[in-house]
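See structure below.
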Amino acid sequence: MISWIQITFQKHFRVMFAVLLVFIIVSFVIYFAPGMGLGMGTTPRAQPRPFFGVNLSSEEESSRVFGDASLSVFLQAGYPALDEERMQEYALMRHAGLHLAREMNLPNPTDSELTEFIRGLGAFAGPQGEFDATRYQQFRDNLKTNPQVSEGDISRVLADDLRYQRVQRLLAGPGYVLPSEVKSELTRAETSWTLGVAQFDYAGYNPTVSASDAQLTAFFETNAFRYQLPPQVRASYVEVPASAFIGSVNLTDDEVRSYYQANSFRFPKPNATPASPTVAPGETTEADFQAVRPQVEAELRLNRARQQAVTAASDLSLALFEGKVAQAGVTDFLAQRNLALKPLPPFGTNNVPAELGGNPQIGAEALRLNAQRHFSDALPTPTGAAILFWHESIPSRAPAFTEVVDRVRADFVADEKRKQFMALGRTLRENIALRVKAGEAFDQAASAAAATAGLKVETKSIAAFTLQNPPADLNQAVFGSLESLQQGDISDLILSGSAGLLVHAAGKQLPDTSEANPQYSLIRTQIAQFNGSRNATAYLRELVETELAKTAPVSP
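Numbering (this note's numbering), first residue to last: 26 to 581.
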């Protein structure tokens, strides 16, 4: 029994835990909706998918795997740090790693190890990344009041995280590093550079570009992939507006205050007055709250109404599923509930109608519909929720030239402008190089060359720096050009946004790449750790793929 953990994780402060629970719930929807959703194409009794002791087809067992992983990420990072795809990969790799830990009989962590681990968690980190005792105390004070996650859940996840880290370290090993790798990285990171940078105005460069019909046709044929029209769907929808539920939303004073405290940065008080000297920066007062309370209540009420709209839409989708409503019977089914379909223009992920909020995820959901699964689950929209009803899938196609001629002309002109600018850049580089070789300063040479070409230019000198500690305000595109430059060289023109850059290596001092350099040992250790971690990840990923392949559906 881990008594200290059980005592420590008694309670949890509300705001963080609310966010945590929302994230866990959302992750469950993400991972289980495809196999257990409400659409007509779902299979109520899925085939078992054993995976290192759990059945991934079981909602209860899958919930444990993905829920623990979601909680793990949140505690370690302090926020939902992984997107859907990486979260799924992490959950499966974590479970596979814990399976290895059991096979290797790795011991459970001690109380002192857990204590040290907790002090490094992102969920309890202060503004500077240090352990925040106040934030931690709030967690302790409120966890016990939440029925969704227990102190046992927290203890299990933390202990498993430590065991998973041990497995990763064992799989990583010491890491193997070649001396050439160390020298190459040391040279890249520790070389001292002194630069001159000339930035030419590309946005203001407007050469005359003529485009004949023959040129446009040839450009269209060569670049046909640019104009391929993506797949679309023709659908209609039923709207469940949040406005229908606002009147039924009741809010307590505590709920409104809690929402304000969690989102005070979004409610700046009107006609703000200087803060009281007794109020710390970032804190709010009762007067601040009362000044914006109507806005806070309105937003919270709307959010609650949206949640109710999503719930009502989910109930409607469930009724469609349980009633096995065929496509031909949808209109009558909705009419019995005083609902009617609303038409939508054909759309895909890149042109979702404004009625649905323009959300590309809704477009992706619409493209999954077909004759077998002809309606969607409840989809949140800015005004409430909606259910989509499929009518026709429109496959991707190559358009005729006349359909996209305006786009072709614009692309042709832009392409020609870029080509001419890059050719001009070669001339500028040669001109500047000759002037610099003759003893002229780089900034003067760049200004003279720009004037000859009719371009605007800005120049700057960059004092000595290394890539280990680069200037914060230096254009990132410059760094990519340094590898090929020797002292005195001028780079090829680099097109970066609205500017073209020429970089002059005014100074280049190589570091000592022998083992006598104190940085040599540090970099060798860093590369070894990286290589080891990469190998461990590759092994766990292969382990997961092999196990999943054992029960993967067989294509006919």
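Positions of the beta carbon are idealized from the N, C-alpha and C atoms, including for glycine.
Is the Cβ-Cβ distance between residue i and residue j less than 8 Å?
i      : j      : result
Gly122 : Gln173 : no
Thr484 : Asp468 : yes
Pro495 : Phe504 : yes
Ala94  : Arg119 : yes
Ala184 : Pro132 : no
Ala507 : Arg443 : Here residue 507 is Leu; the residue named in the question, Ala, does not match the sequence. The answer is no: Cβ separation not under 8 Å.
Thr216 : Lys533 : yes
Leu146 : Leu100 : yes
Ser526 : Ile515 : In the sequence under discussion, the amino acid at residue 526 is Leu, which differs from the Ser named in the question. Cβ atoms of Leu526 and Ile515: not closer than 8 Å.
Glu380 : Leu369 : yes
Phe156 : Phe164 : no
Leu276 : Leu220 : no
Tyr227 : Phe555 : no
Leu211 : Pro536 : yes
Gln72  : Ser88  : no
Skipping 5 residues on each side, what residues in its chain have a beta carbon closer than 6 Å to that of residue i?
i      : result
Gly557 : Ala197, Gly198, Gly200
Asn456 : Ala474
Ala351 : none
Ala337 : Val265
Gln551 : none
Ala330 : Ala267, Phe270, Ile271, Val274
CB of residue i to nearest heavy atom of the ligand ZN: below 7 Å?
i      : result
Ser180 : With respect to small molecules bound, the structure shown includes none, and the ligand ZN cannot be examined in it.
Given this structure, state the Cα-to-Cα distance separating residue i from residue j, to the nearest angstrom.
i      : j      : result
Leu492 : Arg213 : 7 Å
Leu187 : Val98  : 13 Å
Glu138 : Asn560 : 26 Å
Pro543 : Ala116 : 39 Å
Glu264 : Val335 : 10 Å
Thr242 : Ser523 : 28 Å
Ala158 : Pro152 : 12 Å
Ala396 : Ala574 : 29 Å
Ser418 : Lys349 : 21 Å
Glu390 : Leu195 : 42 Å
Phe142 : Pro204 : 34 Å
Ile5   : Val222 : The structure shown does not extend to residue 5, since the chain is modelled only from 26 to 581, so the question has no answer here.
Asn375 : Gly382 : 12 Å
Val274 : Asn248 : 55 Å
Phe244 : Asp431 : 13 Å
Ala478 : Ala471 : 11 Å
Val202 : Leu547 : 12 Å
Glu128 : Phe77  : 11 Å
Ala563 : Gln333 : 44 Å
Could you give the DSSP three-state label for residue i: helix, strand or coil?
i      : result
Pro75  : strand
His529 : strand
Ser180 : helix
Val355 : helix
Tyr262 : strand
Val234 : coil
Ala223 : strand
Leu465 : The question names Leu, but residue 465 is Glu in the sequence shown. The answer is coil: DSSP assigns Glu465 none of H, G, I, E or B.
Asn524 : Checking the sequence, you will find Ala at residue 524 rather than Asn. It is a strand residue.
Glu18  : With the chain represented from 26 up to 581, any question about residue 18 goes unanswered, as that position is not in the structure.
Glu570 : helix
Arg362 : coil
Ala148 : helix
Pro255 : coil
Glu280 : helix
Leu399 : Note that residue 399 corresponds to His in the displayed sequence, not to Leu. Note: His399 maps to coil in three-state DSSP.
Thr491 : strand
Ala126 : helix
Arg422 : strand
Lys367 : strand
Leu131 : coil
Please work out which residues of its chain come closer than 8 Å, Cβ to Cβ, to residue i, disregarding the five sequence neighbours upstream and downstream, and give them in chain order.
i      : result
Leu327 : Ala267, Ile271
Leu359 : Val263, Ala365, Leu366
Glu246 : none
Lys481 : Phe225, Asp226, Gly229, Ala475
Ala553 : Pro199, Gly200, Tyr201, Val202
Can you list, in chain order, the residues of its chain whose CB lies under 7 Å from that of residue i, leaving out five sequence neighbours each side?
i      : result
Thr576 : Arg74, Pro75
Arg434 : Ala236, Leu241
Phe292 : Tyr285, Val317, Gln320, Val321
Pro378 : Leu369, Pro370, Phe372
Val234 : Val438, Glu441, Lys442
Thr408 : Pro266, Ala267
Exercise. Counting pairs of Cβ atoms below 8 Å between the region 444-460 and the region 419-433, do you hit three or more?
Worked result: Output reads no: the region 419-433 does not touch the region 444-460.
For this session: Examine the Cβ distances between the region 332-347 and the region 397-415 and report whether three or more of them are shorter than 8 Å.
Result: Touching, per the Cβ criterion.
For this session: Inspect the CB distances between the region 309-321 and the region 282-296 and report whether three or more fall short of 8 Å.
Result: Output reads yes: the region 282-296 touches the region 309-321.
Exercise. Is it a yes or a no for the region 502-519 touching the region 175-191, going by three-plus beta-carbon pairs under 8 Å?
Worked result: The region 502-519, when compared against the region 175-191, does not touch it at the 8 Å Cβ threshold.
For this session: For the region 408-425 and the region 245-265, state whether three or more C-beta atom pairs, one from each stretch, are separated by less than 8 Å.
Result: Contact between the region 408-425 and the region 245-265 is present, because at least three Cβ pairs lie under 8 Å.
Exercise. Counting pairs of beta carbons, one from the region 239-254 and one from the region 568-575, are three or more of them closer than 8 Å?
Worked result: Segments in contact, no.
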